[in-house]
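According to the UniProt record's numbering, the sequence shown holds residues 1 to 346 in order. Backbone N, C-alpha and C define an ideal beta-carbon position, used for all residues, glycine too.
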Amino acid sequence: MELTHKKVHNYFRLNGYHLNGKDLSRIGYSYIKEGDVYEQAIGEFLLDWFDDKDYIETKTSGTTGLPKLLRLEKRAMIQSALATGDFFDLSPGDKALLCLPVQFIAGKMMLVRSFILGLNLDVVSPSVAPLGLRKERYDFVAMVPLQVQNSIEELKNVKKLIIGGAKIDTVLEEKLLPLKTEIYETYGMTETITHIAAKRVGEAAFSILPNVKIAKDDRDCLVISVPAVSDQPIVTNDLVELVNENQFVFLGRIDNVINSGGVKLIPEQIETKLTGKIANRFFVTSLPDSVLGEKLILVIEGEKQEFATDFFDVLGKFEKPKEIVFVPKFKENENGKLLRKKSLQN
């Protein structure tokens, strides 16, 4: 029987209760009327999902530009949920946790996966430490890096964890490597209906999910083909190295590439080399320069500090910053992603 968006798996449970589509619509009304802010967002999505339309509207996170409204077909979201279930070997009855804001695609898809795959879903407020004092054991959880950073001790109660929304830095990755939890960094965007690839922490290359094809354009940027999601290939601004037809290594955003005196520099690669050497959050970007065109700078969150003369020896000749800028507090969007340009405007 063909899956439709109104069909809820018989094994699905929400906060311990077996519910069908009509039940969830009633709960949606209740959440909107009486719930907390995060519950109101869930309520609105429930009503959108179980109505007669074959699509939902959602906004992008606005990481690299202004947030925009996208229309996503529900059948494509169902196919995305099935691909996730296949890739991560999820089974009906598996216990999952929703701790992401449902205003964005990652939170929405945790609900859809649960409806379609028959997951036993608990819902909590999307706080920075969502596991808190909870003693439950979970088979499947999705978080952003900040939540993971504040949940290291509690991850022993999680079998499989996927991390998205921002890149995992080397410091966090080193904390995660010894854990028994299966931990994956995911790659995706709203346009691809969340992740289309994932990699275990410690690995370099992302592996694509079922029914996904990848290629590079003439800029060396990733091109994604997901017929179940989009009739046209999705062209990204992400510089990649293709390992084979099923794997790629993310190098950085082409939007961030710095042309300094004719030398092209990828900030993300420089940041990786500096990770662990700077205690505070930081990023690499550029400022206009009359001689070089663009000069590479290092931006650090917090109070001004001094560095030893050999501090940047890990960097290549052209990778060493011409200036260090200190910013009291970095700016982030609603989804917790760092806004580089706006942070520099402090």
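Can you list, in chain order, the residues of its chain whose CB lies under 7 Å from that of Glu73, leaving out five sequence neighbours each side? Asp54, Tyr55
Assign Asp238 to buried or exposed, taking buried as 16 or more other Cβ atoms, counted over all protein chains shown, within 10 Å of its Cβ. buried
Assuming contact is defined by CB atoms lying nearer than 9 Å, are Val123 and Leu97 in contact in what I supplied? yes
Taking 8 Å as the cut-off, is the CB of Leu344 close to at least one heavy atom of the ligand GDP? This structure lacks the ligand GDP, and indeed carries no ligand of any kind.
With 16 other CB atoms within 10 Å as the buried threshold, where does Gly164 fall? buried
DSSP has His195 in a bridge; who is on the other side? Gly188
Going by DSSP, what residues sit across from Thr248 in a beta bridge? Note that residue 248 corresponds to Phe in the displayed sequence, not to Thr. Paired residue(s): Phe206, Leu242.
Reference Lys167; option with closest CA among Lys180, Thr186, Leu179: Comparing Cα-Cα distances from Lys167 to each of Lys180, Thr186, Leu179, the minimum goes to Thr186.
Strictly by DSSP, which residues pair up with Pro288? Glu294
Does DSSP classify Ile152 as helix, strand or coil? coil
In terms of residues, what are the limits of the alpha helix (DSSP H) holding Ser114? 105-117
Lys59 versus Asp52 - alpha carbon distance: One Cα belongs to Lys59, the other to Asp52, and the distance between them is close to 21 Å.
Assess contact between the stretch 176-185 and the stretch 278-290, defined as three or more Cβ pairs (one per stretch) separated by less than 8 Å. Is contact present? No, the stretch 176-185 is not in contact with the stretch 278-290.
When we look at the beta-carbon of His18 and count the other beta-carbons within 10 Å, is it buried (16 or more) or exposed? Counting Cβ neighbours within 10 Å, His18 comes out exposed, since fewer than 16 surround it.
Near Pro101, which residues of its chain fall below 6 Å by C-beta distance, leaving aside the five closest residues on each side in sequence? Gly107, Pro126
Verify whether the separation of the beta carbon atoms of Val299 and Val284 is less than 9 Å. A contact, by the Cβ cut-off of 9 Å.
Starting from Phe140, follow the beta strand (DSSP E) in both directions and report where the run begins and ends. In the DSSP assignment, Phe140 falls within the beta strand (DSSP E) that extends over 138-143.
Out of Lys342, Phe206, Asp231, Lys322, which has the shortest C-alpha to C-alpha gap to Asn244? Phe206
By Cβ distance, which residues of its chain are closer than 7 Å to Ala76, with the 5 residues on each side in sequence left out? Ile193, Ala228, Val229
Which residue or residues does DSSP assign as beta-bridge partners of Ile183? Secondary-structure assignment with DSSP links Ile183 through a beta bridge to Leu161.
Val257: which of Asp220, Ile183, Val212, Ser80 sits nearest, CA to CA? Asp220
Ignore the nearest five residues each way along the sequence and tell me which others in Asn15's own chain have a CB closer than 7 Å to its CB. The residues are Asp122, Val123.
Within its chain, find whatever has a CB closer than 7 Å to the CB of residue 359; leave out the 5 residues flanking it on each side and keep chain order. The requested residue 359 is not part of the displayed model; the chain covers only 1 to 346.
Run of the alpha helix (DSSP H) containing Thr84, from where it starts to where it stops: 74-87
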